[in-house]
Amino acid sequence: MTTTRHDKDDPRLRAGPRGTLAALCVTQVVGWGVLYYSFPVALPAITADTGWSQANATAAFSAALVVAAGAGVMVGRRIDRHGPRAVMTAGSVLASIAVVAVALAPSLGWFLAAWIMVGLAQSMVLYAPAFTAITRLYGPARNRSLLVLTLVAGLASTIFAPLTAALVEHAGWRQTYLVLAALLAVTTVPAHALGLRAPWPHARTSHGLDIGGWRTIARSRAFVALTVATALGAFAMFAATIHLVPMLTWRGLTPTAAAWALGLSGAGQLLGRIAYGPLAARTTPPVRASLLLAASGLTIAAVGLLAGPPLTLIAAAVALGVARGAFTLLQSTAISDRWGSSSYGVLFGILNAPTTLAMALAPWAAAAFTSATGSYPATFAVLAATACLAALIALTTGVHRSNAA
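Those letters in the sequence shown? Residues 561 to 965, by the working numbering.
Next up, the structure:
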């Protein structure tokens, strides 16, 4: 699609993307807060009220992540062809209904079915469709817009963890989810319906490969290597983050100090996202991916293998957060940096499916390994090696310009 100088000066076109970014910032904060971060906060109250085991209740949440991974390809392909407005608006409606179903669940089977609905909605409203919208609508300016989006979305846990805790304490978990469903409906449905009205660019890029070329890209060695590297890296980083508090308490930190380390690790993600831009300007995509994955491996190793002192362990936890924050932007730009934006939605769906599955399985796998070995340092050593393996694989993800889409 050719953009003339007159087009660039058209205030309607300038206002459209700005409105889109603002709408997505709001919906990502609320969406992640309600559909993801509320669950671990509400979990103790859910199990205490219902008598369901923590493992069974958590399995329902994990099932949502699996469904989101499986549906991502279909959703991405739909957005590539028709734009994000209808998909994300419908996803917001579905998400609101699904959260009400969670709140009203009279049995574990109902609870599981409700979270499966939530998983489908997650695939329609969270990062994958939002990244697709930003990448296609903002073109060369996408990196800055993705930075803004992920920085704002990073506040979801900061806002919704204490909000959910307060609601659960005063009203119970069922009423909490009813309130959150209402909040989700009144914010995300109109924001997606009204904020995503910008014209959807034609699905053909300057490289001349139309939307059907995604199959060739998906079968390429570089894409397969990228998928494996990101899945392994996500597995290692997510497992290390989930087990960070017990690892640090095993090393002798108090639970309070370990919790502060986890919080500072979350703050480190913001620093990582800010630092990603300068790194991207100075490195090629394969080198950038390899450096970030190697850095995550080193920080995981430091957390797991250093005996102290406490400030050093906390600094390593913050460094892990920095790596995780940059990794989010690495994922969001990996497709467009190599193959352009015409088939971004479906390709990101394929890329993200194993990553989401890895994140769903990581806490269980790490816990099982720790139980078998009786050693958190051994677990973190294996996770560090996994991240370093991902760094080596990432070096093979380069593509020739002629193959970019």
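The beta carbon of each residue, even a glycine, is placed where N, CA and C say it ideally should be.
query: Uninterrupted alpha helix (DSSP H) stretches inside the stretch 698-785 (no shorter than 4 residues); result: 702-713, 716-731, 733-755 and 774-779
query: Stretch-stretch touch, CB-based, cutoff 8 Å, three pairs: the stretch 684-699 with the stretch 896-908; result: yes
query: Check whether LEU839 and ARG848 have beta carbons under 8 Å apart; result: yes
query: Where PRO869 sits in the DSSP three-state scheme; result: coil
query: Cβ distance (whole Å) where ALA753 is taken to contact ARG645 below 8 Å; result: 7 Å
query: Bounding residues of the alpha helix (DSSP H) (the contiguous stretch that carries GLY679); result: 668-685
query: Residue span of the alpha helix (DSSP H) that contains HIS642, given as start and end; result: 614-642
query: Within 8 Å, strictly: CB atoms of THR957 and ALA785; result: yes
query: Pick from ALA796, SER656, ALA620 and ALA693 that is closest to ARG757, judged by C-alpha positions; result: ALA693
query: Min CB distance THR915 to chain D below 8 Å; result: Protein chain content of the structure displayed is limited to a single chain, and chain D is not contained in it.
query: Length at least 4, wholly inside the stretch 849-901: the alpha helix (DSSP H) runs in chain order; result: 870-899
query: Validate contact between the stretch 623-633 and the stretch 670-684 using beta carbons, cut 8 Å, 3 pairs; result: yes
query: Start and end residues, alpha helix (DSSP H) containing ALA665; result: Careful: ALA665 lies outside any alpha helix (DSSP H) and carries neither H nor E.
query: Separation of SER656 from ALA947, as counted between CA atoms; result: 36 Å
query: Cβ neighbours of ALA665 in the same chain (closer than 7 Å, five flanking residues each side left out); result: PHE671 and ALA674
query: Cβ distance (whole Å) where GLY868 is taken to contact GLY812 below 8 Å; result: 7 Å
query: At least 3 beta-carbon pairs within less than 8 Å: the stretch 881-891 vs the stretch 927-944; result: no
query: In chain order, each alpha helix (DSSP H) run of at least 4 residues that lies wholly inside the stretch 932-958; result: 936-954
query: Secondary structure of ALA965, DSSP reduced to three states; result: Low confidence applies to ALA965: its pLDDT is 46, below 50, so where it sits in the model is not reliable, and the reading given next is rough at best. It is coil, neither helix nor strand.
query: Buried or exposed (CB count within 10 angstroms, at least 16 for buried), ARG842; result: exposed
query: SER598 classed as buried or exposed, judged by whether at least 16 other C-beta atoms fall within 10 angstroms; result: buried
query: Touch test, the stretch 736-750 against the stretch 607-617, Cβ-Cβ under 8 Å, three pairs minimum; result: no
query: Close-in-space but distant-in-sequence residues of the same chain around PRO966 (CB under 7 Å, 5 per side omitted); result: Any property of residue 966 remains undetermined from this structure, which presents the chain solely from 561 to 965.
query: Inter-residue Cα distance where the pair is GLY755 and LEU943; result: 41 Å
query: Straight-line gap, ALA716 to VAL590 (C-alpha atoms, nearest Å); result: 7 Å
query: Alpha-carbon to alpha-carbon, LEU851 and ILE953; result: 11 Å
query: Residue of GLY837, SER903 and ILE606 minimising C-alpha distance to ARG734; result: ILE606
query: Buried versus exposed, by CB contacts within 10 Å (16 or more), THR801; result: buried
query: Simplified DSSP state of SER903, which is helix, strand or coil; result: coil
query: Proximal residues to LEU727 (C-beta, below 8 Å), its chain only, five neighbours per side dropped; result: GLN735, THR736, VAL739 and LEU740
query: Of the listed residues ALA751, VAL878 and ALA876, nearest to GLY579 (C-alpha basis); result: ALA751
query: Span of the alpha helix (DSSP H) around LEU822; result: 815-842
query: Exposure of THR933, with buried meaning 16 or more beta-carbon neighbours within 10 Å; result: exposed
query: Separation of SER896 from PRO845, as counted between CA atoms; result: 10 Å
query: N- and C-terminal bounds of the alpha helix (DSSP H) containing LEU983; result: Here the chain has residues from 561 to 965 only, and residue 983 is not among them.
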